[in-house]
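Everything in the sequence shown is counted per numbering that gives the first Met the number 0, starting at 0 for the first residue and increasing by one.
Report on the structure given below.
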Amino acid sequence: MKINQPKIPEHLTSGQLQDLLHEEDPFLHNTSIVDSRIDGQTIERAQLTSMLIRNSSFQGAILPELFATDVRFENCDFSNADLTGISIHRVSFHNCKMLGVNFTNARFTDVLFEECICNLSAFVHSRWESVWFDTCQVKDADFFDCKLKKTYFIECNLDAASFDETPLKGVEINTSEFESMTVSIKDLDGCVVSSMQAIQFAAMLGLDIRDE
């Protein structure tokens, strides 16, 4: 249960997200960005490496096939952003707003979401390895046809999340909460749940539970 944290140099050069708009091959490296916005902008195949990004906004941005390695996002707003086909490795998100983000076909390795709001986001067809959601809101999120390896939902709200066609073997949700969830019996096989959640799933599956 260990995740590899972003490897970010101690000394970074100051920059702005808008710098990506002026590059034929949009690329930022060893950069610190604070209070920057690219709301509604379209930037294809941008590359971010060894960066710290704080208090910045990507609202409604279209960033297909974004590649990011060793990046830490703090207090950023990605609401309604289109991040289709992104590939991120050793990336962490802290206290970020990620309402309705499109993560379709995303690839995540060693990724942490901490105290983030990810309600209504779509992780359809995504592929994960070593991914943590820690104290996040993940209500009404769509995890259709995902491959989730070494995935942990720690003290999250997963109410009304859908894991249709997504095997949950080895996925830990036992410290999280939900009132309802879309998942099949076969895909629940091997999922790590609490005793209370086991009763919830049994009720959702139509079992008649009686103590006597």
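All C-beta atoms in this analysis are idealised placements derived from N, C-alpha and C, irrespective of residue type, glycine included.
Terminal residues of the alpha helix (DSSP H) in which residue i lies
| i | result |
| --- | --- |
| Phe200 | 194 to 203 |
First and last residue of the uninterrupted beta strand (DSSP E) at residue i
| i | result |
| --- | --- |
| Asp69 | 66 to 73 |
| Leu47 | 46 to 53 |
| Val100 | First-last for Val100: undefined, no H or E at that position. |
| Ile87 | 86 to 93 |
DSSP three-state assignment for residue i, whether helix, strand or coil
| i | result |
| --- | --- |
| Ile184 | helix |
| Asp76 | strand |
| Thr81 | At residue 81 the sequence reads Asp, which differs from the Thr that was named. If DSSP states are grouped into helix, strand and coil, Asp81 belongs with the strands. |
| Ser56 | strand |
| Thr41 | strand |
| Ile61 | strand |
| Val191 | strand |
| Glu171 | strand |
| Glu178 | coil |
Separation of residue j from residue i, as counted between CA atoms
| i | j | result |
| --- | --- | --- |
| Ser91 | Asn173 | 22 Å |
| Val191 | Leu167 | 8 Å |
| Glu229 | Asp18 | Residue 229 is absent from the model: the chain starts at 0 and stops at 211. |
| Ala202 | Gly169 | 22 Å |
| Ser49 | Leu204 | 46 Å |
| Ser125 | His10 | 33 Å |
| Ser161 | Glu23 | 39 Å |
| Val6 | Val70 | Reading off the sequence, residue 6 comes out as Lys, not Val. Taking the straight line joining both Cα atoms gives about 8 Å. |
| Phe66 | Cys135 | 23 Å |
| Gln199 | Val137 | 18 Å |
| Cys145 | Asp76 | 24 Å |
| Asn29 | Glu114 | 25 Å |
| Cys155 | Ala197 | 17 Å |
| Asp109 | Lys1 | 9 Å |
Residue i and residue j closer than 8 Å at C-beta
| i | j | result |
| --- | --- | --- |
| Arg53 | Thr68 | no |
| Leu119 | Leu147 | no |
| Thr103 | Val123 | yes |
| Gly84 | Gly59 | no |
| Trp131 | Phe107 | no |
| Asp34 | Ser55 | yes |
| Phe143 | Asp158 | no |
| Glu64 | Asn94 | no |
| Ile42 | Gln15 | no |
| Asp57 | Ile37 | Reading off the sequence, residue 57 comes out as Phe, not Asp. Contact: yes. |
| Ser183 | Phe152 | no |
Sequence ranges, beta strand (DSSP E) only - wholly within the stretch 107 to 163, length at least 3: Complete beta strand (DSSP E) runs here, min 3: 126 to 133, 146 to 153.
Sequence ranges, beta strand (DSSP E) only - wholly within the stretch 10 to 35, length at least 3: 12 to 14, 26 to 33
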